[in-house]
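Visitor:
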Amino acid sequence: MSGRAKQAGLKRLERVSFAVGVLLLCALLYRIGLDTLVRNISEAGWGLLGIFALHGFAILFNTVSWRCMLPPHSKVPVRVLAPMLVAGEAVNAVNPVAIVGGELVRASLLAREVPAPTALASVALAAMTQFVGQLLFVLSGLPVVLRLIEETRLQRGLKLLSALLVLLVVSVLFLAWSQTGLAAIKRRLDRFRWFRTRWLSLPERWRTLAGEALSSVRQRPGAFALSVAASFLAWQTGVVETLLILRLLREPVGWSQALAIEVLAVTIEGALFFVPAKMGTQEGGKVLIFLAMGLDPAKGFTLGFIRRIRELAWAAIGLITLASFQRSWRRSKSAPEPVEPSR
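Following the working numbering, the numbering of the sequence shown begins with 565 at its first residue and continues without gaps.
1) By alpha-carbon positions, which one of I873, F838, M857 and V644 ends up nearest to E826?
2) Note the first and the last residue of the continuous alpha helix (DSSP H) segment covering H619.
3) Could you give the distance in angstroms between the alpha-carbon of R631 and the alpha-carbon of R711?
4) Measure how close the beta-carbons of T697 and V792 come, nearest whole angstrom, since I'm counting them as under 8 Å.
5) Distance, Cα to Cα, V580 vs V839?
6) For L813, which residues of its own chain have a beta-carbon under 8 Å away from its beta-carbon, when the five flanking residues on both sides are left out?
7) For K850 versus A829, is the C-beta distance shorter than 7 Å?
8) In whole angstroms, give me the CA-to-CA distance for V661 and L737.
9) Just to confirm, is the Cβ distance from L699 to V655 under 7 Å?
10) Exposed or buried, which one is R782 when buried takes at least 16 other CB atoms within 10 Å?
11) Would you tell me roughly how many angstroms separate the C-alpha atoms of L592 and I853, rounded to the nearest one?
12) Should V730 and A824 be called a contact, given that it needs their Cβ atoms to be closer than 7 Å?
13) Quick one: grab the DSSP three-state call for L813.
14) Helix, strand or coil: which one does DSSP assign to R784?
15) Which of the three DSSP states, helix, strand or coil, is assigned to G849?
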């Protein structure tokens with residue numbers, strides 16, 4: 565199958581999954597009732613502003629994680645990186661068809677401060693540490709989930725998931741630390757003609773970038789560990805958010821239950837990453853989780869809906885930030901060159 569045919573197939577999958585997600589969202593809203601949703605949200609009241617502000621901590625932790633993956637000589641402060649991160653997240657939120665669209669935006673913005681290869685490498689490494697942080701977050705919470713879920717088949721599935729995640733974490737860390745791991749993977753992929761064609765079409769500078777980036781990780785293991793730790797804390801803010809939202813919705817849960825809800829939600833959304841905008845999966849997943857845990861499914865749907873509102877609010881801030889970056893660049897390009905005084 566040609567690359568163009570594969571791309572068309574992915575586009576078709578995204579459109580179908582988005583349509584199915586919309587239908588699922590409408591079906592859940594019909595089942596739960598619009599009046600129930602409005603009543604639940606009104607119970608949260610002005611506390612929703614605190615929920616929106618809480619996401620700022622996740623942005624801070626993710627920005628610190630990204631900053632750790634920049635070379636030590638790159639003097640780009642967190643206060644400069646944070647708006648770039650928010651702008652990239654906004655692109656992913658409103659245009660999720662391109663999975664790496666937000667990452668490319670972040671690299672493009674950072675390329676105004678550091679060389680483009682350095683910017684792209686830092687974004688790629690930050691994505692890797694965020695992925696490792698996500699895996700560790702899910703693994704750390706699965707023992708709690710197993711204690712709260714009594715359904716035997718679901719427990720077996722979660723134990724299998726734990727084993728697969730451990731294997732995945734080990735594989736990622738091996739790739740990061742092994743000097744020959746990346747080369748061995750490339751030799752195996754070279755057997756496929758489509759990979760060789762695309763690999764050779766890349767500029768030579770970009771082909772050596774992955775090896776150089778992983779080499780920098782091996783030289784700075786402390787920075788890698790700190791980046792993963794910051795990302796792990798960012799995932800933990802989701803637990804705090806879940807806990808506070810459910811308290812506002814008068815569905816009091818403890819930390820263990822909030823952790824289990826968030827771990828299962830992250831797992832479901834990660835498995836269905838190809839669904840644009842998490843359409844239907846965010847609300848539907850939480851309904852399933854609440855049913856499995858013996859909680860009110862209407863509150864689970866409301867939790868997912870409030871999350872969606874929060875994401876859209878921060879996406880609006882991110883798009884405004886991105887537009888501000890673009891305006892400042894246009895002004896700098898149109899500014900006249902300074903004229904040197906004649907001697």
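C-beta: ideal position from N, C-alpha, C; glycine also. Here the structure is a predicted model, which means the values were calculated and not measured.
Guide: Let me spell this out:
1) Ranking I873, F838, M857 and V644 by Cα distance to E826 puts M857 first.
2) G611 to C632 is the span of the alpha helix (DSSP H), which, as asked, contains H619.
3) Rounded to whole angstroms, R631 to R711 spans 37 Å at the Cα level.
4) Per the sequence shown, residue 697 should be read as Gly rather than Thr. Rounded, the Cβ-Cβ distance is 5 Å, consistent with contact.
5) Spanning the alpha carbons of V580 and V839 requires a straight line of approximately 9 Å.
6) If we look at L813 and ignore the five residues flanking it on each side, its Cβ neighbours are N604, E607, A608, K863, T866 and L867.
7) Yes, Cβ-Cβ distance for K850 and A829 is below 7 Å.
8) Note that V661 has pLDDT 49, beneath the 50 cutoff, so the model's placement of it is unreliable and the number below is only indicative. Rounded to the nearest angstrom, the gap between the Cα atoms of V661 and L737 is 29 Å.
9) In this structure, V655 does not lie closer than 7 Å to L699 by Cβ.
10) R782 is exposed by the Cβ-count criterion.
11) About 14 Å.
12) The answer is no: Cβ separation not under 7 Å.
13) L813 falls in the coil class under three-state DSSP.
14) R784 falls in the coil class under three-state DSSP.
15) G849: helix per DSSP, three-state reduction.
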